[in-house]
Every structure is written in structure tokens, then in C-alpha cells.
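Novice: My numbering puts the first residue of the sequence shown at 17, with every later residue one more than the last.
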Amino acid sequence: MSRETAAEPEHRHKLAAIMFTDIVGFTAISARNELDALQAVSDYEEIVRPILIRHKGNEIKSLGDGTLVEFDSALAAVNSAIELQTALHERNQLMPDARQIQLRIGIHVGEVIYRAGDVFGDGVNVAARVQTVAPPSGVCFTADVWKMVKGKVPVQVVALGRSELKNVGRLVEIYRVRFPWDQSSPTGDRARIAVKRIHLGPVLILVVTACLAAGVFLFVRNGRAKPGDLPAKTPLKTNPGSLVVLPFKNLSDNPKLGYWSDGLTEELIGDLSTVPNVGVIGRETSSTFKDRPMDARQICHELGVRAALEGSVREDAGRLRVSVRLTDGASGLTLWSANYDEPTKNVFQVQERIAGAVVLQFNPKPNPGFEAGLAGRAASNVSAYEEYLKGKEALNKDGYGGAREALQHFQAAISIDPSYAPAYAALSNCYYHLSNVFLPPTEVMPKAREAAKKAIALDPSLPEARASLAIVLAAYDWDWKGAEDAYRTAIALGPGSAEAHLNYGTFLIQFGRFREADEQLKIARALDPRSMEPRLNHSFLLYFSRNYKAELAELLALQKDFPDNGPIRGGLAECYFALGRNDEALALIEPLFKSRRVYVAAADLAMIYKGAGNMSEANRYVGIVERREVLNNYVSPYALGQTYAEMGRLDDAFAQWDIAYAARSEDLVNIAVEPRLDFLRSNPRFQSLLARMHLPVLPWK
């Protein structure tokens, strides 16, 4: 990073973008603990300097608890500020309060004067004052900056209005970046800065009030986003509730071709989920209307959506006949309908036309990139597409057999068309389904990684490919930052994907980021309201956050909708055990083990009997797990280690966790939040394991 030197002219004028940063509460930190203050500055410099170098920032001077930086462009300054605040936010999630760093950042474009290695002028003065307006972990800039970056930074920006800044002598219009983690409302921002406004006459006050009542301006890009356009962090909230794609009816004589109609339904849901302002209902909810008499208007009312897309598929003598209709949910009137009679090989073009026509109903001027994105997802051979659809159908089956069958179909699709990106993404998910339950992670997860990366290389804008890579990075590589970035990219590319929000929310639970996880699970549930998974995973959140009574209520409600479901019964048993209701836990787990003989049930039975003081039965079930007298082909060493720990066999527990660490067992990441291991939180070996995995030490007692 270059600096101004004494060899330069004594005075030099230049138009530049100036960024001021200030560490919030630095004086208080210094007064409380000077070592903490020095460490904060050191950590700050370690984070900030590489970011400034990447954006070609010229650090004019360090101010102890902040920095004055010059940039050649306003866009570089704003992107640098966004990346810096994002990096600090991620760091703070893993740090105790005393080690957290919060910055205020202000940016302005104006004339500056260089003299004797320092910089002066209106540009510097305004930037310094704008910084004082920014909230902790916030970025504010002037209207001059906004004019230069508007439409170039895909983040939400809020206008704070005009403010009188100290020693500036004029009202300055200020804008603020709103980050995903920022919970303050835009109107709250305006209210806070309003105290600095002066000379507001009655008419101006009415105008300002009317503007506030009109709502908040959201910066939303239509069409399909591109990975290169994404900032380090992007807003992850979507707008569910626009459209439901109802299961297409198979009118073919051959019932085996049902995967064609199911596949068209699922592919349309996937295509439309990439459009930010559509908010299509998810596959699980859509599938509940299959083989049922459908009244589109009633279904729209039940789901609270604006419109329903329904259709039928017939395949006859090599031709595909598709009828489709879009119905208005309020009036029941047909908004659009079409009939297609094409050679079977043109299935992709039919799919593109339907998706494009539906998007036009919600957005008269869609981004051309949307249609280009659909075309890029198509297979070059209809046989490859058929194998892909058969694989997805097989993967929806339970058990090892379904996953193995799906694997063969996806491999066949790739063999027919090696450039078919969705098949690689699906193959990656298939390997993940096999991992940690049926096969060791080391056997299949490297293959999952390879398939996900191949899918991204073929189609960087495919949301499913990014989501597949995120799963591998989180479950196997334990690359937490890489996984989170991949999840967020998947959501930015497919904001209407219930599955992406669900998986990202579940990922956040493992780090104790319960509020953020709850937001993602709520979005997933809104997008797929009849799916079990968002609700079940929310019960996991309640369990890991030690809110057992709320968890029990949620699981009992779930059981009414999904009776005889194994994971729900297992969750109820674990909740009863946590509440000290051992008899009820036992009544649920014993039948589950007898019918399925899964190792998780055996491990839970060992713990329940230990809690009841029946060590003979407890040890018997431990032996069942040890001897692999269960139906699983693979028993996770993490689970066995947890059982040993709860039985008081700590040396055996840590030995198993060392094996789990070497084997990259996915469930080992749960140690950071697992309530049944709270008694080990202060154990040095336990803390060492957390440190090796770069997991946070959370404040559980």
C-alpha cells in the first residue's frame, strides 16, 4: 500500500474518494483494559490492510483507533467498506464481547489537498463528519458518492435525509448501507438523524412525514443474479407468497412416465425460484396437491398466494403435448394459458417458454439474463434429461436403495451429456445422502465435492450447484467461511429456494447463531409451508438453545400433521429426557428401536436407562452400538463417543471423537451446541477439540 512521500510537490489538489474509519468505544476499551485495546488495534490492522490493498486504497494515516484512506473511485471505497464490515462481523461472531471490534465508516467524494504527507480539504472534512453519523458496524456516505455507485453495488441502501454536519456549513444528504444483520428499521435511521435537521417549516415537515409513510425504498435487481455481481454479503430475505406451481397431470397411457410430469413441475419451481420478486411455493407443499381434485382459487386462498400454475403433460409418438394455465387467486380468472405440441426433444424449450411467460405476469420487464440462465441449464440430449428426472425421483425414496438407484441415474445422465450441470449438482447431493449414515464420509464426500465443483464450472449461476458445494464445505471440509459464502451465493442466485434457506438456517444453528437461523427457517417455512423439514429443524434450534418446553410444543404439533414419523418421535423422546420425563421418553424410543434398530435409538436408550438408574440395561444398549447390532451400514464415531461420555467413559469418548475428527464425521460439529455435553464445557480436552475445529466456545453452563 503506497503512501504520500515528502518527494511530492508541496501542495497538490485532487478529486478523490475519502474513507474515514473509527473503532467504536475505543476510549472505553482502553480505560477498561489496555491490553484489550492494543489487541483490538492489532486485530483491526490485520483485517483492514489486506482489504484496502485489494481495493487499491491508499492509507494516508492511521489515527490509532481508525484510518484515513484515499481511493481513486467511489465504487472502490464503498466496496472496500462493505467487505471490511462484513469481515469484522464474521470475526465478532466467534469472539467474546471484550475482543469484538465495531467500526463506523464514512465516505465522501471531493477535492483534497496533499501537503507534507498529509491530506486536507473539504473531501476530508465531510468524510470525517459523515463517519460520526454511521451506527456501529455501519457505513454512511454522501449523495455525491451515491450518484457514482447507484446500480453498481447490489446492497440495500437507505436515504437518511439531509443533515447539518459540524464545521461543514451546509446541509449534507446522507445514505446508509443496510447489512443483513442490521435489525434497525430505515424509519428508525431517519428518526435518529432528524434531530440534526434545522429550519424545518410546517410544509417541509408534512413532506418529510409523507415520505416516511410512503415506505422504504428497496434496491432489488430483477432477473437472475450473476456470481461476479455479488458483494461479500447480500440481503437474504425474499418475498414468499406469489405463486404455487401445482403438480402437472400425467395424461400418458404409460404411468411410468409420471416422472415427466413430476419433473416438469419440479423444474419450473426451481426455475422460478431464481427470480427475486416471484416467491414460488416449494416442492414439498406443491406435492401435497398431487392426485387430488384441484380448485386453483381455493388452493391460492389456503396458501395465501396470488396465483396458481397448473397443467398437464402427454407424451405420444415422440411428441410432447403440454397444456398450462395461470389462474388469479383472487378472482379465479385465467391470467394466461397456452398449449404446446412439440417433439419430445424440445422439452427444454417448452419449459423455458412457460417459465418466461409466468415471469412476465409478475414483472413486465424481466432481466434478459433470466432466459439465458434457463437455456444454460438445459441438457443437450433428452435421454440425459430422462435419467436426471429418474434420479431425482429415486432420491426422494427412503433408504440406501433409493440413494444407490439415484446415483446410477445421475451417472448415466452425465455419461450421456458430460456438460449437464444440474446432473452434477444432483450427483453431489446423492453422495451426501449416502455419507455418514450408509457409508463413511471419506469414501463419498470427496466425490461430492468434485461433482459440485464441476457443476459450478459448467454453470456458475446455478443455485443448486452452489448449495451442493456449501453442504460439502460445511459437512466434510469444515470450511465454515467458505460454506457460509456458498450458502449465501446460492440464496442470492435463487432467493426463492426453500431448500437453500433451510440448509443455511440449519448450518447457523451449529454455531449458536440462533436468531439468524430462525430468520432463515421462517423464510423456508413461508416458501414451503406444508413441508415438515423447516418445522422439524426449528425444533432442533429450540433443543440446542435449551428451550425444551417450546420444543415439546412444536414437536407435538408436528406429530399431529406427520404421525408415526421416526425423526419426530426421536426428537420428542430426547425432549422428554431433557425435561426429566424418562418414562415418556422410553415409551417412544423402545418401539422405534425394535422396528428400525437404528444406532441413534440404541444410544438414546442407553442414556435413558442410565438416567433411570438401570445400568444393566444401559450397558446392554451400549454393547449393541459397539457391536454394530444395528441396521446402519455405518455407525458414526461421534455418536458412540457421545454415548461413552454420557456413561462417564471419557477416555473412550475422546478416543472416538479423535476417530470422528480424522474421519470428518459430519455430526461432530454438533459438539459446540449439544446440551447433553454441557458437563464437558470446561474440560481442557473438550476445549482443545473445539479449537481444532475452529468452533466457538459458547456460554453454556
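Where is the CB? At the ideal position from N, CA and C, for every residue including glycine.
1) Could you please give the first and the last residue of the uninterrupted alpha helix (DSSP H) stretch that includes Arg527?
2) Using C-beta distances below 8 Å, list every residue in its chain close to Phe530, excluding the 5 sequence neighbours before and after it, in chain order.
3) Is Ser698 near Asn452, with beta carbons less than 8 Å apart?
4) Please name the residue in Leu450, Lys610, Glu61 and Gly295 whose C-alpha comes closest to that of Tyr416.
5) Taking DSSP's pairing of strands, which residues face Thr304 in a bridge?
6) Apart from the five residues on each side of it in sequence, which residues of its chain come closer than 6 Å, Cβ to Cβ, to Ser555?
7) Quick one: what does DSSP say Asp357 is sitting in, helix, strand or coil?
8) Considering only the alpha carbon of each residue, which of Asp620, Ile129 and Ala103 lies closest to Gly498?
9) Taking just the CA atoms, how far does Ala502 sit from Thr250?
10) Does the segment 286 to 295 touch the segment 418 to 431, meaning 3 or more C-beta pairs lie closer than 8 Å?
11) Go ahead and pull the three-state DSSP assignment for Asn581.
12) Please report the Cβ distance between Leu259 and Val321, rounded to the nearest whole angstrom; I am assuming they are in contact, meaning their Cβ atoms lie under 8 Å.
13) Got a sec? Which residues, its chain only, sit under 6 Å from Ile430 by beta carbon, not counting five neighbours each side?
14) What residues match up with Asn266 in a beta bridge as DSSP calls it?
15) On the criterion of 16 or more Cβ atoms from any shown chain inside 10 Å, does Ser632 qualify as buried, or is it exposed?
16) Let me know the alpha helix (DSSP H) ranges lying completely inside the segment 445 to 495, each 4 residues or longer, listed in chain order.
17) Strictly under 8 Å for the Cβ-Cβ distance: is Asn95 near chain B by that measure?
18) Applying the 10 Å Cβ sphere with the 16-neighbour rule, what's the burial state of Ile98?
19) Determine the DSSP secondary structure at Arg504, reduced to helix, strand or coil.
20) According to the neighbour-count rule (16 or more other Cβ atoms, all chains shown, within 10 Å of its Cβ), is Ile117 buried or exposed?
21) Do Ala661 and Leu696 have their C-beta atoms closer together than 8 Å?
22) Take Leu288 and list the residues in its own chain whose beta-carbon comes closer than 8 Å to its own, dropping the five residues that flank it on each side.
23) Rounded to whole angstroms, how far is the Cβ of Pro479 from the Cβ of Ala679, which I believe are closer than 8 Å?
24) Pick helix, strand or coil for Ala248, following the three-state DSSP scheme.
25) Excluding the 5 residues flanking Leu574 on each side, which residues of the same chain have their C-beta closer than 6 Å to its C-beta?
26) With a cut-off of 8 Å, do at least 3 Cβ pairs link the segment 166 to 173 to the segment 61 to 76?
27) Looking at the secondary structure, which residues open and close the alpha helix (DSSP H) in which Phe556 lies?
28) Hey, could you find the ends of the alpha helix (DSSP H) Ala92 is sitting in?
29) Which value, in whole angstroms, describes the spacing of the CA atoms of Glu189 and Ala159?
30) For the beta strand (DSSP E) that contains Ser704, what are its first and last residues?
31) Among the residues of its own chain, which have a CB less than 6 Å from the CB of Leu443, if the five just before and after it don't count?
32) Per the contact definition of three or more C-beta pairs closer than 8 Å, is the segment 145 to 164 in contact with the segment 71 to 78?
33) Quick one: residues in its chain with C-beta nearer than 7 Å to the C-beta of Leu187, no 5 flanking neighbours on either side, listed in chain order?
34) How is Glu86 classed by DSSP in three states: helix, strand or coil?
35) Between the alpha carbons of Glu127 and Ala143, how many angstroms are there, rounded?
36) Pick from Pro715, Ser681 and Ala312: whose alpha carbon is nearest that of Met709?
Specialist: A quick look at the data gives this:
1) Here residue 527 is taken as the residue at index 511 of the sequence shown, counted from 1. At residue 527 the sequence reads Phe, which differs from the Arg that was named. Counting along the chain, Phe527 falls outside any alpha helix (DSSP H), and DSSP gives it neither H nor E.
2) Residue mapping note: residue 530 aligns to position 514 of the sequence shown, counting from 1. The answer, listed in chain order, is Leu524, Leu557, Phe560 and Ser561.
3) Indexing the sequence shown from 1 puts residue 698 at position 682. Indexing the sequence shown from 1 puts residue 452 at position 436. Contact: no.
4) As a first step, residue 416 must be located in the sequence shown, where it is residue number 400. Nearest option by C-alpha distance: Leu450.
5) By one-based count along the sequence shown, residue 304 stands at place 288. Answer is none; Thr304 lacks a bridge partner.
6) Reading the sequence shown from its first residue, position 539 is the one you call residue 555. Hits under 6 Å: Glu567, Glu570, Leu571 and Gly587.
7) The residue given as residue 357 occupies position 341 in the sequence shown. Three-state DSSP puts Asp357 in a strand.
8) As a first step, residue 498 is located in the sequence shown; it is residue number 482 there, counting from the start. When each option's Cα is compared against that of Gly498, the closest is Ala103.
9) Within the sequence shown, numbered from 1, the residue matching residue 250 stands at position 234. Within the sequence shown, numbered from 1, the residue matching residue 502 stands at position 486. In this prediction, Thr250 scores a pLDDT of 35, lower than 50, which makes its location untrustworthy; the coordinate-derived value is nonetheless stated afterwards. Rounded to the nearest angstrom, the two C-alpha atoms are 12 Å apart.
10) no
11) In the sequence shown, the residue the question calls residue 581 occupies position 565. Three-state result, Asn581: coil.
12) For the purposes of this step, residue 259 is taken as residue 243 along the sequence shown, with counting starting at 1. For the purposes of this step, residue 321 is taken as residue 305 along the sequence shown, with counting starting at 1. At roughly 6 Å, the Cβ-Cβ gap stays under 8 Å, so Leu259 and Val321 are in contact.
13) The residue labelled residue 430 in the question sits at position 414 within the sequence shown. Correct list, in chain order: Ala439.
14) Counting from one through the sequence shown, the residue named residue 266 turns up at place 250. Answer is Val329.
15) Along the sequence shown, one-based indexing puts residue 632 at 616. Counting Cβ neighbours within 10 Å, Ser632 comes out exposed, since fewer than 16 surround it.
16) 457 to 474 and 479 to 488
17) Within the model displayed, chain B is absent; a lone protein chain is all it includes.
18) As a first step, residue 98 is located in the sequence shown; it is residue number 82 there, counting from the start. Buried, because 16 or more other Cβ atoms sit within 10 Å of the Cβ of Ile98.
19) Stepping through the sequence shown from its first residue, residue 504 is reached at position 488. Looking at Arg504 - three-state DSSP - the assignment turns out to be helix.
20) Here the question's residue 117 lines up with position 101 in the sequence shown. That one is buried.
21) Stepping through the sequence shown from its first residue, residue 661 is reached at position 645. Stepping through the sequence shown from its first residue, residue 696 is reached at position 680. Contact flag set, yes.
22) Counted from its first residue, the sequence shown places residue 288 at position 272. For Leu288, where only same-chain residues beyond five positions count, the Cβ hits under 8 Å are Leu259, Val261, Val294, Val296, Ala371, Val374, Val375 and Gly512.
23) As a working note, residue 479 is residue 463 in the sequence shown. As a working note, residue 679 is residue 663 in the sequence shown. Going by Cβ atoms, the distance from Pro479 to Ala679 rounds to 30 Å, so no, they are not a contact pair.
24) As a working note, residue 248 is residue 232 in the sequence shown. Unreliable placement is indicated for Ala248, whose pLDDT of 35 sits below 50; no coordinate value is reported for it.
25) Looking up residue 574 in the sequence shown gives position 558. Counting only Cβ-Cβ distances below 6 Å, and skipping sequence neighbours, we find Arg551 and Ile584.
26) no
27) As a working mapping, residue 556 is identified with position 540 in the sequence shown. Start and end: Met548 to Phe560.
28) The count along the sequence shown starts at 1 and reaches residue 92 at position 76. Run containing Ala92: Ala90 to Asn108, per the alpha helix (DSSP H) assignment.
29) Locating residue 189 in the sequence shown gives position 173, counting from the first residue. Locating residue 159 in the sequence shown gives position 143, counting from the first residue. Each residue's alpha carbon lies about 6 Å from the other.
30) Looking up residue 704 in the sequence shown gives position 688. Not the beta strand (DSSP E): Ser704 falls in the alpha helix (DSSP H), residues Pro700 to Arg708.
31) For the purposes of this step, residue 443 is taken as the residue at position 427 of the sequence shown. Within the same chain, Leu443 has close Cβ partners Phe426 and Ala467.
32) no
33) Along the sequence shown, one-based indexing puts residue 187 at 171. Around Leu187: Arg178, Ser179 and Glu180.
34) The count along the sequence shown starts at 1 and reaches residue 86 at position 70. Reduced to three states, the DSSP call for Glu86 is strand.
35) On the sequence shown, position 111 is the one that residue 127 refers to. On the sequence shown, position 127 is the one that residue 143 refers to. Between Glu127 and Ala143, the C-alpha separation is close to 11 Å.
36) One-based indexing of the sequence shown puts residue 709 at position 693. Looking at the Cα atoms, Ser681 is the closest of the given residues.
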